[in-house]
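Visitor: The structure under discussion is supplied below as C-alpha cells; questions concerning it will follow.
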Amino acid sequence: MYDTIHENHFYTYDHPFSGPIGIDCYRREIDSYRKQALLIQFVKTPSPKDAPLPDSLRGKENATAFYLAIRELLPNLAEPLALEADRIFIEYWKVGFWKDIDTQNEIRNVLDDFLYERHNRASTFALFTAEELDRIVDRIMDAARNEVPDYREIKPKEPGKPPV
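Per this note's numbering, residue 6 is the first one in the sequence shown, and the count goes up by one each step.
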C-alpha cells in the first residue's frame with residue numbers, strides 16, 4: 006500500500022496511478038486544456054471543396070457531385086460536363102443499373118462521344134488522349150457509384166424506416 010499526502014489530503018490506494026490522486030490530476034489536466042481552448046480562436050483555412058459552385062449547378066445535387074469529382078481534371082470543362090453527365094444518367098438510369106454492364110458501357114460511350122465531339126473537334130488540336138478520356142469517364146462513373154445521391158449503389162438508411 007502507498008500512502009500519499011496530496012493537497013492537504015491523505016489518500017491510501019493500491020496502485021500509484023489509481024485512486025483519488027489520479028482523478029485529481031486528470032481533472033487539473035482537463036481544466037488546463039479547457040483554459041487553453043478558450044484562449045485560442047480557430048481560423049478555418051479555405052480548402053478546394055469550399056470554392057464557390059457555378060450558378061448553373063445550384064440546387065442540382067447530382068450535377069454538383071459530378072462537378073466536384075472532375076473539377077481537378079478539367080477546371081474549364083467541368084461545369085458543362087457535369088450537367089451533361091447528369092442528363093445522360095437521367096436518360097439511361099434504370100433499376101439494377103449497377104448490375105447491368107451493357108447499360109454502364111452505353112453511358113461510358115455517350116460520355117466519351119460527348120467529350121470527343123464537343124471539345125476535341127471544336128479545337129484544332131486534340132485536348133484529350135484516349136487514356137485521359139478513359140480516366141475522366143472512370144472518375145464520373147466512380148462519382149456516380151459512390152457520391153451522387155440519386156445514383157449511389159448503396160443508399161444510406163433513413164432513420165425510422167425499415168430497410169428495403
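By construction, the Cβ of each residue, glycine as well, lies at the ideal position given by its N, Cα and C atoms.
1) Does the distance from the C-beta atom of residue 87 to that of residue 75 stay below 8 Å?
2) Here's a check: name, in chain order, each residue in its chain whose Cβ is nearer than 7 Å to the Cβ of residue 90, leaving out the five neighbours to either side.
3) Rounding to the nearest angstrom, what Cα-Cα distance links residue 93 and residue 112 in this structure?
4) Whole alpha helix (DSSP H) runs in the stretch 53 to 123 with 4 or more residues, listed along the chain?
5) Given this structure, state the Cα-to-Cα distance separating residue 119 from residue 68, to the nearest angstrom.
6) Is residue 155 helix, strand or coil when you go by DSSP?
7) Considering only their Cβ atoms, is the gap separating residue 141 from residue 62 smaller than 8 Å?
8) Alpha carbon to alpha carbon, how far is residue 102 from residue 151? Give it in angstroms, no decimals.
9) Please return the same chain residues whose Cβ sits closer than 8 Å to the Cβ of residue 133, not counting the five positions on each side in sequence.
10) May I ask you to report which of helix, strand or coil DSSP gives residue 132?
11) Just how far apart, CA to CA, sit residue 99 and residue 73?
12) If I'm right that residue 84 touches residue 59 with Cβ under 8 Å, what's the distance once you round it to whole angstroms?
Guide: With the structure as the only source:
1) yes
2) 71, 116, 145
3) 7 Å
4) 66 to 75, 83 to 97, 106 to 120
5) 16 Å
6) coil
7) no
8) 14 Å
9) 120, 121, 124, 125, 141
10) coil
11) 24 Å
12) 5 Å
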